[in-house]
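**Q**
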Amino acid sequence: MKNQKLINARCQRGLTQVELAQRANLTVRGYQNFEHGVQSPNIETAICIANTLGIYDLRKIWDSNLEA
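Okay, here's the thing in structure tokens:
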């Protein structure tokens, strides 16, 4: 299931998947997997993505399925 919260947050900041992946130091495919719900990020990666988006409450972009 797509992570619509994450997609919306990225779009609100006017970033493409490629731009966000580059800024968060991720592969584009890895980032796409997070948006499409194929994979959940570990907590460090989730924080990095959130920081890149200027979001400091992870609940705004992820449900509680983050990997420890």
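Just so it is clear: in the sequence shown, position 20 is 20 by the UniProt record's numbering, and no numbers are missing. Even for Gly, the Cβ is constructed at its ideal location relative to N, Cα and C. Please read these numbers as outputs of a predicted model, since none were measured by experiment.
Kindly indicate which three-state DSSP category ASN42 falls into: helix, strand or coil?
**A** Of the three classes helix, strand and coil, the one that applies to ASN42 here is strand, per DSSP.
**Q** Rounded to the nearest angstrom, what separates ILE55 and GLN12 at their Cα positions?
**A** In a straight line, the C-alpha of ILE55 is about 12 Å away from that of GLN12.
**Q** Hey, would you say GLU35 sits closer than 8 Å to LEU6, going by beta carbons?
**A** Cβ atoms of GLU35 and LEU6: closer than 8 Å.
**Q** With a CB to CB cut of under 6 Å and the five nearest residues on each side skipped, what residues in its chain are close to residue 71?
**A** Because the chain spans 1 through 68 in this model, residue 71 falls outside it and cannot be assessed.
**Q** So what's THR52 in DSSP terms, helix, strand or just coil?
**A** Of the three classes helix, strand and coil, the one that applies to THR52 here is helix, per DSSP.
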